[in-house]
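These notes are about the structure you will find just below.
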Amino acid sequence: MIKIGEKSPAFTAKNQDGKIIKSIDFLGKKLVLFFYPKASTPGCTAEACNLRDNYQEFLAKGYAILGVSADSEKRQQNFLNKNGLPYELLADEDKTVINAFGVWGPKKFMGREYNGIHRTTFIIDKNGIIANIITKVKTKEHTSQILV
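Pasting the structure below:
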């Protein structure tokens, strides 16, 4: 697992429109990189909409926001359009970015064990250094966890 103070892994992935997004594009900006299990599920929708509702505050403080899941470009596009999300979503179907950040692993739900994405948010500073990692995400109050 990545630690606070370490350099963020470099990444390249397609967004919801098939456009290539690279981590280097965010150097010089603060980045909220949030990983979520599955587009259009209740918790993921609550989290994405909380960030959407506070987007202007993030912009005012110099943050860019990028969401990541293993969903397809089409599913990400539908999620973005349905919820009016003002930021990009990465369609990391091959889990390259997910694995680089170490958020894939064993999970339990209703007594069943399986592998999946651990809901985690990385705050990356202007120099590409991990400034904070939020592992206990409160989906309906996520902005207040980030902008402390």
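When you line the sequence shown up against our numbering, it's residues -15 to 132, in that order. Beta carbons: idealized from backbone N, C-alpha and C, even for Gly.
Could you give the distance in angstroms between the alpha-carbon of residue i and the alpha-carbon of residue j?
i	j	result
Ala32	Leu69	7 Å
Asn(-1)	Val81	12 Å
Gly112	Ser(-8)	6 Å
Ile(-14)	Ala44	28 Å
Val121	Phe85	16 Å
Arg96	Gln61	30 Å
Phe63	Lys110	28 Å
Ser53	Asn65	16 Å
Thr(-4)	Ser7	7 Å
Arg36	Asp76	21 Å
Ile101	Gly2	21 Å
Asn38	Ile5	23 Å
Asp9	Leu73	15 Å
Among the options, which residue has its Cα nearest to the Cα of residue i?
i	options	result
Gly12	Ile130, Lys122, Ile118, Ile108	Ile108
Leu50	Glu97, Arg59, Tyr20	Tyr20
Asp78	Trp88, Ser128, Asp1	Trp88
Cys28	Gly2, Asn116, Glu125	Glu125
Phe18	Asn34, Asn99, Asp1	Asn34
Gly46	Leu15, Pro26, Asn116, Ile(-12)	Leu15
Thr119	Thr105, Ile130, Leu131, Val132	Thr105
Asp55	Ala48, Met94, Tyr71, Thr25	Thr25
Thr123	Glu(-10), Ala30, Ile(-12)	Ala30
Lys22	Lys58, Phe42, Ala(-6)	Lys58
Could you tell me which residues DSSP puts in a beta bridge with residue i?
i	result
Ala(-3)	Ile5
Phe10	BP columns for Phe10 are empty, so no partner.
Thr105	Phe18, Ile118
Ile(-12)	The partner list for Ile(-12) (beta bridge, DSSP) is empty, contrary to what the question assumes.
Entirely enclosed beta strand (DSSP E) segments - the region 28 to 101, minimum 3 residues: Whole beta strand (DSSP E) segments, 3+ residues: 47 to 53, 72 to 75, 88 to 93, 96 to 101.
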